[in-house]
Every structure is written in structure tokens, then in C-alpha cells.
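Engineer: Numbering (this note's numbering), first residue to last: 106 to 275.
My questions will all concern the structure given below.
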């Protein structure tokens with residue numbers, strides 16, 4: 106069974122580490138048993154010390170839980186699916202949070218996909234010489250172009266073709 110000292114050690118490690126601290130699968134069940142025992146002791150003895158110990162254990166468990174939840178949310182945001190050291194309850198939380206985030210990303214992606222592309226400023230040019238296909242400064246593929254074709258191209262690409270004598274402005 107867990108003790109007050111064990112919980113303080115776990116709390117210290119959890120607060121000092123950016124990674125989640127490995128806990129036994131039955132951690133929360135053990136905490137529940139400890140709290141029930143300490144509550145019973147505090148109630149039956151009416152000792153101020155026993156009551157304070159019970160209250161302190163609750164605070165420690167809440168701090169551990171809050172820190173672990175914070176780390177689990179970050180794991181879900183980063184797309185981590187496996188959580189070494191997580192309890193059964195926390196694994197379920199990670200799974201559910203990951204599903205919610207994945208669904209949200211899908212919704213956001215659909216918004217971007219349905220958006221009309223912005224028209225980039227460009228120049229309308231007439232091709233004066235045949236130009237084979239090439240990769241532009243923006244890493245997009247342009248061409249091939251045939252002599253006489255009229256094209257609207259991004260400024261940088263149009264300027265390059267104009268300077269090379271392969272196009273003229275319209």
C-alpha cells in the first residue's frame with residue numbers, strides 16, 4: 106500500500122521531470138484505498154494530526170494528478186499514442202484526448218482545403234521562345250511553354266523569363 110512518504114516522492118519526481126513518471130497501473134486504486142483508510146482514521150480518532158495528514162494526502166494527490174494531466178495533454182497534442190508509465194485511467198485519457206485532437210485537426214484541414222487559393226500577384230506575359238519545363242524559385246513546376254502562348258505567372262518567374270529574352274510583357 107502507498108504511504109504519505111511514497112506520495113511525496115512521486116510528487117517531487119513528477120514536478121522535477123518533464124517526462125511522465127512511471128506509476129503502477131493500480132496507482133489510483135491504491136490512492137483510493139489510502140484515502141479511505143486515512144479518512145477512517147481521521148474520523149474515528151478526531152485527531153488534528155490525522156485530519157491534517159488526510160487533507161495533505163488529498164492535496165498531494167491532486168497536485169500529482171494535475172501535473173500528470175498536463176503532461177498527458179501535451180502528449181496528445183504532440184501525437185504520442187503510447188504512454189509508458191501511465192496508469193490504465195491515464196491511458197484511456199490519452200486515447201480520448203488524441204481522438205478529439207485528431208478530429209479537430211481534420212475539421213481545421215477541411216476548412217483549409219475548402220478555402221479558395223489566394224491569387225498571387227503576377228505578370229501577364231507572351232512567350233517568345235519555346236521553354237521546357239523547369240522548377241521555379243518557389244519550388245513549383247512551370248512549363249513547358251510554347252512560343253506565342255500568353256501566361257499569367259508570379260512576378261519572379263515572369264521577370265526571369267523576360268530577362269532571359271524568352272517572353273515579353275503584354
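Beta carbons: idealized from backbone N, C-alpha and C, even for Gly.
Here the structure is a predicted model, which means the values were calculated and not measured.
What are the boundary residues of the alpha helix (DSSP H) that includes residue 267?
Structural biologist: From DSSP, the alpha helix (DSSP H) with residue 267 extends over 260-268.
Engineer: Just to confirm, is the Cβ distance from residue 271 to residue 234 under 8 Å?
Structural biologist: In contact: residue 271 and residue 234 (Cβ atoms closer than 8 Å).
Engineer: Using a threshold of 8 Å, state whether the C-beta atoms of residue 184 and residue 125 are closer than that.
Structural biologist: It is not a contact, given that the beta carbons lie outside the stated cut-off.
Engineer: Buried or exposed for residue 192, going by 16 or more other Cβ atoms inside 10 Å?
Structural biologist: Under this definition residue 192 is a buried residue.
Engineer: Have a look at 268, 158 and 182 and flag the residue whose alpha-carbon is nearest the alpha-carbon of residue 260.
Structural biologist: Closest option to residue 260, Cα to Cα, is 268.
Engineer: Could you tell me which whole alpha helix (DSSP H) segments of length 4 or greater appear in the region 146-228?
Structural biologist: Correct list: 153-182 and 193-219.
Engineer: Since I believe residue 134 is in contact with residue 146 (beta carbons under 8 Å), could you give me their beta-carbon distance rounded to a whole number of angstroms?
Structural biologist: Wrong, their Cβ atoms sit about 19 Å apart, outside the cutoff.
Engineer: Among the candidates 266, 130, 121 and 108, whose CA atom is the shortest distance from the CA of residue 197?
Structural biologist: Considering only alpha carbons, the answer is 130.
Engineer: Between the alpha carbons of residue 265 and residue 230, how many angstroms are there, rounded?
Structural biologist: Looking at the two C-alpha atoms, the distance is approximately 11 Å.
Engineer: What separation, rounded to the nearest whole angstrom, lies between the Cα atoms of residue 165 and residue 218?
Structural biologist: Using only the alpha carbons, I get a separation of about 47 Å.
Engineer: For residue 258, count neighbouring C-beta atoms within 10 Å of its own C-beta (all shown protein chains included) and say buried if the count is 16 or more, exposed if not.
Structural biologist: Answer is buried; the Cβ neighbour count reaches 16.
Engineer: Among the residues of its own chain, which have a CB less than 8 Å from the CB of residue 163, if the five just before and after it don't count?
Structural biologist: Here the set comprises 140.
Engineer: Could you spell out the range, first to last residue, of the alpha helix (DSSP H) harbouring residue 254?
Structural biologist: Note, residue 254: premise wrong, no alpha helix (DSSP H); not H, not E.
Engineer: I'd like to check one pair, residue 115 with residue 177: are the Cβ atoms closer than 8 Å?
Structural biologist: Cβ atoms of residue 177 and residue 115: not closer than 8 Å.
Engineer: Check the C-beta distance from residue 173 over to residue 195 and give it rounded, since I have them as a contact under 8 Å.
Structural biologist: Confirmed, about 6 Å.
Engineer: Under the three-state reduction of DSSP, which class applies to residue 272: helix, strand or coil?
Structural biologist: Note: residue 272 maps to strand in three-state DSSP.
Engineer: Applying the 10 Å Cβ sphere with the 16-neighbour rule, what's the burial state of residue 256?
Structural biologist: Result: buried.
Engineer: Rounded to whole angstroms, what's the CA-CA distance from residue 110 to residue 204? Just pull it up for me.
Structural biologist: Rounded to the nearest angstrom, the two C-alpha atoms are 36 Å apart.
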